[in-house]
Amino acid sequence: MTNKITTQWKGGLTFESDNPSGKTVIMDTNIEGTDKRNGLSPKAMMLSSLAGCSGLDVISTLDKMKVEIDDFKMDVTGELTDEHPKYYHTVVVDYHFYGADLNQKKCERAVNLSVDKYCGVMEMFRRFATVKTNIYFHESTK
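Under the working numbering, the first residue of the sequence shown is numbered 1059, with each subsequent residue one higher.
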């Protein structure tokens, strides 16, 4: 399978990139002397891609297991190298599950399947970074 995208310069330091889904994203970076931003940072989008990939796996696995949760979020933190070219050398993915009577064992299984087997973005990150994961359960009462 091959994916192809096209990224078009929009002036200044802003670019628009398409996706095989037909959707687009605007990218830019911090510009000294201004607070104005038009889009997302390419490096931070890599962290979003990691969360999106793993999150899709986790939710689809939980659906197949018929596990109910009230909410789910991921916090992803990446630490960049000090020298150019700067890249993420350490990444931490925190999985947060919310609900009453959470099936912690099945939630952990869903995360582990994503981390160890299904998430291709996770595997790509492991090629250049140390990736750590944590799972947190936030029990609520109904």
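From the three backbone atoms N, C-alpha and C, an ideal C-beta is built for every residue, glycine too.
Tell me the DSSP secondary structure of G1157 in three-state form.
strand
Of all the beta strand (DSSP E) runs that stay within the bounds of the stretch 1084–1151, which reach a length of 3 or more residues?
1129–1138
Helix, strand or coil at N1061 [DSSP, three-state]
coil
Say whether the stretch 1093–1113 touches the stretch 1125–1140, bearing in mind that this needs 3 or more beta-carbon pairs closer than 8 Å, one atom from each stretch.
yes
Please name the residue in F1195, K1190, V1179 and E1181 whose C-alpha comes closest to that of K1163.
F1195
Option in P1078, G1110 and G1070 with minimal Cα separation from K1094:
G1070
Residue range of the alpha helix (DSSP H) that includes N1170:
Q1162 to L1171
Can you have a look at F1183 and say buried or exposed, based on whether 16 or more other CB atoms are within 10 angstroms of its CB?
buried
Terminal residues of the continuous alpha helix (DSSP H) containing F1186?
No alpha helix (DSSP H) contains F1186, which DSSP labels as neither H nor E.
How about T1060 and S1075: are their beta carbons less than 8 Å apart?
no
Through-space distance from V1179 to A1109, alpha-carbon basis:
9 Å
Where does T1119 land, buried or exposed, given buried means 16+ other C-beta within 10 angstroms?
buried
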